[in-house]
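Chemist: Heads up: the sequence shown begins at 10 in this note's numbering, then just goes up one per residue. Glycine included, every Cβ here is placed at the ideal spot set by N, Cα and C. Okay, here's the structure, questions in a sec.
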Amino acid sequence: MRLARAGFTLQVTDVDLQQAEAVAANINAESSLPAERQALASALDVRDAAACSAAAEAARSRAGSLSLWVNNAGAFFTGPVWDQDERQRRLVLEVNAAGTINGTLAALGLMRPANAGLIVNVASLAGLVGVPGEGIYAASKHAVLGFSVSALADLRAAGVKGVDISCVCPDGMWTPMLHDKLDDPGAALSFTGKLLQPGEVADVVLRVVDKPRPVTAWPRWRGGQVRLFDTFPRFAVGLAPLMVAYGRKRQAAFARKLGA
10 MRLARAGFTL
20 QVTDVDLQQA
30 EAVAANINAE
40 SSLPAERQAL
50 ASALDVRDAA
60 ACSAAAEAAR
70 SRAGSLSLWV
80 NNAGAFFTGP
90 VWDQDERQRR
100 LVLEVNAAGT
110 INGTLAALGL
120 MRPANAGLIV
130 NVASLAGLVG
140 VPGEGIYAAS
150 KHAVLGFSVS
160 ALADLRAAGV
170 KGVDISCVCP
180 DGMWTPMLHD
190 KLDDPGAALS
200 FTGKLLQPGE
210 VADVVLRVVD
220 KPRPVTAWPR
230 WRGGQVRLFD
240 TFPRFAVGLA
250 PLMVAYGRKR
260 QAAFARKLGA
């Protein structure tokens, strides 16, 4: 919604076409855009590199150029790393990490020749620090962060200055990914901060559009906190039981608030 109001012509994608259509319909209903600028929906499995390239070309053909690409697909399972089966591990890594790589490369294929554009990769605070109960997810988001910064460095080393890649690392978001995690000990760390609304993260993306930065953690204080933990891993690991206990209390309080 915020991107549409900012003047972008949107192509909404999801592996579930009905979900993408619902989002696009909501954007169009709320923003009253003219027909030529209304959001369109299409199905996209980000694990398919060729499909990502086709989606990028379709967006470019419609709008005339590809100025912004946001990688936001995600998969999430919780629990000790030894309890997550191979199917779960593969899905998380293929969607979160490989999917982001596929999308980034698809966008770069059009942005590099034009020497213009911004790619925003939505990672997580879990991309900045180890997270008990979310180990595979954290591994995938570390991959997103490492790839994003490395790809940006590749662009600059190649003399490409008009294309930016920004990694946004938000705290836990109150989305369907967490709706069924209120009584899940493995998700406790996602509740240790203020749960963000999707609109808040969209605002961060818009700020990045105005002023690209390689990495933006949000809220900023939480970014500083997790970077401190990452700097002193022994301290962070020792503190993990207390953080899990605190997260469990926050989960219970949130459940009571919702009447769950």
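(1) Would DSSP call A58 helix, strand or coil?
(2) Are the CB atoms of T18 and A72 within a distance shorter than 8 Å?
(3) Identify the continuous beta strand (DSSP E) that holds G126 and give its terminal residues.
(4) If you draw a straight line from the C-alpha of E95 to the C-alpha of D173, how long is it?
(5) Locate the beta strand (DSSP E) running through D239, then write down its first and last residues.
(6) Assign Q80 to one of three DSSP states: helix, strand, or coil.
(7) Is the separation between the beta-carbon of C178 and that of L204 shorter than 8 Å?
(8) Distance check for L198 and G88, CA to CA, integer angstroms please.
(9) Check this for me: beta carbons of I145 and V55, under 8 Å apart or not?
(10) So what's S51 in DSSP terms, helix, strand or just coil?
(11) I think L53 touches T22, with their Cβ atoms under 8 Å apart; what is that distance to the nearest whole Å?
(12) So if DSSP puts Q20 in a beta bridge, which residue, or which two residues, is it bridged to?
(13) If you run the structure through DSSP and keep just helix, strand and coil, what is D212?
(14) Indicate whether C61 and A132 have their beta-carbon atoms separated by less than 8 Å.
(15) Mind listing, in chain order, the continuous beta strand (DSSP E) runs of no fewer than 3 residues lying wholly within the region 142 to 221?
(16) Thinking C-alpha only, which one of D192, A211 and G247 is nearest F263?
(17) DSSP on V224, reduced to helix/strand/coil?
(18) Report the three-state DSSP secondary structure of Q27 (helix, strand or coil).
(19) Nearest to S51 by CA position, among A68, A135 and E103, is which residue?
(20) Measure the C-alpha to C-alpha separation of P207 and S76 and round it to an integer number of angstroms.
(21) Need the endpoints of the alpha helix (DSSP H) that T109 sits in, please.
(22) Over what stretch of residues does the alpha helix (DSSP H) that includes A13 continue unbroken?
Modeler: Working from what's here:
(1) Within the sequence shown, the letter at position 49 stands for residue 58. Looking at A58 - three-state DSSP - the assignment turns out to be helix.
(2) Here residue 72 is taken as the residue at index 63 of the sequence shown, counted from 1. Here residue 18 is taken as the residue at index 9 of the sequence shown, counted from 1. When the beta-carbon positions are compared, A72 and T18 come within less than 8 Å of each other.
(3) Taking the sequence shown and counting its residues from 1, one reaches residue 126 at position 117. Taken as a continuous stretch (DSSP letters only), the beta strand (DSSP E) holding G126 covers G126 to V131.
(4) Position 86 of the sequence shown, counting from 1, holds the residue named residue 95. Position 164 of the sequence shown, counting from 1, holds the residue named residue 173. Computed Cα separation, rounded: 34 Å.
(5) Walking along the sequence shown from the start, residue 239 turns up at place 230. Not the beta strand (DSSP E): D239 falls in the alpha helix (DSSP H), residues R229 to T240.
(6) Counting from 1 along the sequence shown, the entry for residue 80 is found at position 71. It should be noted that the sequence gives Asn, not Gln, for residue 80. Of the three classes helix, strand and coil, the one that applies to N80 here is strand, per DSSP.
(7) As a position in the sequence shown, residue 178 is number 169, starting the count at 1. As a position in the sequence shown, residue 204 is number 195, starting the count at 1. In this structure, L204 does not lie closer than 8 Å to C178 by Cβ.
(8) Reading the sequence shown from its first residue, position 79 is the one you call residue 88. Reading the sequence shown from its first residue, position 189 is the one you call residue 198. Looking at the two C-alpha atoms, the distance is approximately 11 Å.
(9) The residue you call residue 145 lines up with position 136 of the sequence shown. The residue you call residue 55 lines up with position 46 of the sequence shown. No, Cβ-Cβ distance for I145 and V55 is not below 8 Å.
(10) Residue mapping note: residue 51 aligns to position 42 of the sequence shown, counting from 1. DSSP places S51 in strand when its eight states are reduced to three.
(11) Reading the sequence shown from its first residue, position 44 is the one you call residue 53. Reading the sequence shown from its first residue, position 13 is the one you call residue 22. Yes, they are in contact, since the Cβ atoms of L53 and T22 sit about 4 Å apart, within 8 Å.
(12) Numbered from 1 along the sequence shown, position 11 holds the residue referred to as residue 20. DSSP lists L49 as partners of Q20.
(13) Residue mapping note: residue 212 aligns to position 203 of the sequence shown, counting from 1. In this structure, D212 counts as helix in the three-state DSSP scheme.
(14) Locating residue 61 in the sequence shown gives position 52, counting from the first residue. Locating residue 132 in the sequence shown gives position 123, counting from the first residue. Contact: no.
(15) 172 to 179
(16) Here residue 263 is taken as the residue at index 254 of the sequence shown, counted from 1. The shortest C-alpha separation from F263 is found at D192.
(17) Here the question's residue 224 lines up with position 215 in the sequence shown. Of the three classes helix, strand and coil, the one that applies to V224 here is strand, per DSSP.
(18) The residue you call residue 27 lines up with position 18 of the sequence shown. Three-state result, Q27: helix.
(19) Counting from 1 along the sequence shown, the entry for residue 51 is found at position 42. Out of A68, A135 and E103, A68 has the C-alpha closest to the C-alpha of S51.
(20) Taking the sequence shown and counting its residues from 1, one reaches residue 207 at position 198. Taking the sequence shown and counting its residues from 1, one reaches residue 76 at position 67. Those two C-alpha atoms are separated by around 22 Å.
(21) Taking the first residue of the sequence shown as 1, we reach residue 109 at position 100. From DSSP, the alpha helix (DSSP H) with T109 extends over G108 to A123.
(22) Taking the first residue of the sequence shown as 1, we reach residue 13 at position 4. Counting along the chain, the alpha helix (DSSP H) containing A13 begins and ends at R11 to R14.
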